[in-house]
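Visitor: Residue numbers (the working numbering): 326 to 643.
What follows is a structure written as structure tokens; I'll ask about it next.
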Ligand code: A2P
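Here is the structure:
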């Protein structure tokens, strides 16, 4: 099978890329080097990960040397504090400068909600609540379209958008979104969103494709996807690791995935998913593990009911 998807712009986006969220400064440079040296041609970044400078140091050691710039697909993301149309180009230029690049292959709006403008990544009130701003994502999108016109980015896309919000963007877009990047793994299979994205020509990238066991708020009583014995049994059958089975499941459904690792042996292992295929029955079996379990936006208890944190915000996606 092919190791990339073709986007609506005609760009070829590798199905497996290196994720850099949670990769600590001091570790991410080596991770990117290990990835590029073991054959990765896709690195997923974001300003909000606060490590783009170090990713850039690694890219500088390989691009224009062992690798041509055009050989590597680089994504970055516009953070929520930069949604105001006047802030968009500067934010993009900061990511370009940190990454040491003259263009991005893909620039995503990280979330539909805008935060208060400024330098603070998570502007909060004294009571801990987030300070939002009322910039509508449609206006942010218009500013992102100018980045394509100016040649700063080859394509633009979305992240954490629901079906209605994607349609809303498409209805005003001059440059269509090529990708929606969302949390997706066997416990959150995103079947409906995937079908919707397919029907409107938007590719899907899975973040937390392995269930993000290293998310800072993980609690011991939450299920660990990588340790699910049902995946262990499938992995045993194919003589692969549970991580490889999950990643193969993603790519076999044509979902781009960006496993994060800072461990060279795992980084290598995570790309070794094109030398076997899961049977139709095993694909269906893994799909049946879905429990709509969202790890990334933890739920809070309110009045005895489980609600999503921030769910009262009008642009909240879930
Ligand atoms: P580490 O970075 O220490 O190697 P996700 O991509 O879903 O966010 O998951 C990232 C987590 O999964 C990290 O804790 C990472 O650990 C771990 N991980 C990545 N690849 C593998 C693998 N092949 N086997 C086991 N754990 C992995």
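Using N, Cα and C, we set each Cβ at its ideal position, and we do this for glycine too.
Find out if the Cβ-Cβ distance for the pair residue 480, residue 384 is shorter than 9 angstroms.
Guide: Residue numbering aside, residue 480 sits at position 155 when the chain shown is read from its first letter. Residue numbering aside, residue 384 sits at position 59 when the chain shown is read from its first letter. Result no, Cβ atoms of residue 480 and residue 384 do not sit closer than 9 angstroms.
Visitor: How about residue 540: is its Cβ closer than 8 angstroms to a heavy atom in the ligand A2P?
Guide: By one-based count along the chain shown, residue 540 stands at place 215. Yes.
Visitor: Report all residues from its chain with a CB closer than 7 angstroms to the CB of residue 337; omit the five preceding and five following residues, and keep chain order.
Guide: The residue given as residue 337 occupies position 12 in the chain shown. These residues qualify, in order along the chain: 329, 331.
Visitor: Tell me whether residue 596 counts as near the ligand A2P, meaning its Cβ is closer than 8 angstroms to at least one heavy atom of that ligand.
Guide: Counting from one through the chain shown, the residue named residue 596 turns up at place 271. Every heavy atom of the ligand A2P is 8 angstroms or more from the Cβ of residue 596, so no.
Visitor: Out of 510, 526, 527, 525, which one is the CA nearest neighbour of residue 569?
Guide: For this step, residue 569 is matched to residue 244 along the chain shown. Per the Cα distances, 510.
Visitor: Between residue 429 and the ligand A2P, is there a pair consisting of the residue's CB and a ligand heavy atom that are separated by less than 8 angstroms?
Guide: As a working mapping, residue 429 is identified with position 104 in the chain shown. For the ligand A2P, not one heavy atom lies less than 8 angstroms from the Cβ of residue 429.
Visitor: Between the alpha carbons of residue 572 and residue 382, how many angstroms are there, rounded?
Guide: Residue mapping note: residue 572 aligns to position 247 of the chain shown, counting from 1. Residue mapping note: residue 382 aligns to position 57 of the chain shown, counting from 1. So the alpha carbons of these two residues sit roughly 28 angstroms apart.
Visitor: Can you give me the start and stop residues for the alpha helix (DSSP H) that residue 465 sits inside?
Guide: Taking the chain shown and counting its residues from 1, one reaches residue 465 at position 140. Its alpha helix (DSSP H) spans residues 462-474.
Visitor: Helix, strand or coil for residue 383? Go by DSSP, reduced to three states.
Guide: Here residue 383 refers to the residue found at position 58 of the chain shown. Helix at residue 383.
Visitor: Using the Cα positions of residue 364 and residue 596, report the straight-line distance between them to the nearest angstrom.
Guide: If you number the chain shown from 1, residue 364 lands on position 39. If you number the chain shown from 1, residue 596 lands on position 271. Cα-Cα distance, rounded: 8 angstroms.
Visitor: Taking DSSP as the reference, what is the three-state secondary structure of residue 556?
Guide: In the chain shown, the residue the question calls residue 556 occupies position 231. Residue state, collapsed to three classes: helix.
Visitor: From the DSSP output, in three-state form, read off residue 354 for me.
Guide: Position 29 of the chain shown, counted from the first residue, corresponds to residue 354. Residue state, collapsed to three classes: helix.
Visitor: Comparing alpha-carbon positions, which option in 417, 621, 401 lies nearest residue 544?
Guide: The count along the chain shown starts at 1 and reaches residue 544 at position 219. Ranking the options by Cα distance to residue 544, first place goes to 621.
Visitor: Kindly indicate the opening and closing residues of the alpha helix (DSSP H) around residue 589.
Guide: Your numbering for residue 589 matches position 264 in the chain shown. Residues 589-596.
Visitor: Could you say which of 505, 589, 410 lies nearest to residue 463 if we only look at CA atoms?
Guide: Against the chain shown, residue 463 aligns to sequence position 138. That would be 410, whose Cα lies nearest to the Cα of residue 463.
Visitor: Label residue 609 either buried or exposed according to how many other C-beta atoms from any shown protein chain fall within 10 Å of its C-beta, with 16 as the threshold for buried.
Guide: Residue mapping note: residue 609 aligns to position 284 of the chain shown, counting from 1. It is exposed - the Cβ of residue 609 has fewer than 16 other Cβ atoms within 10 Å.
Visitor: Closer than 8 angstroms: is that where the CB of residue 360 sits relative to any heavy atom of the ligand A2P?
Guide: Residue 360 sits at position 35 when you count from the first residue of the chain shown. The answer is no for residue 360.
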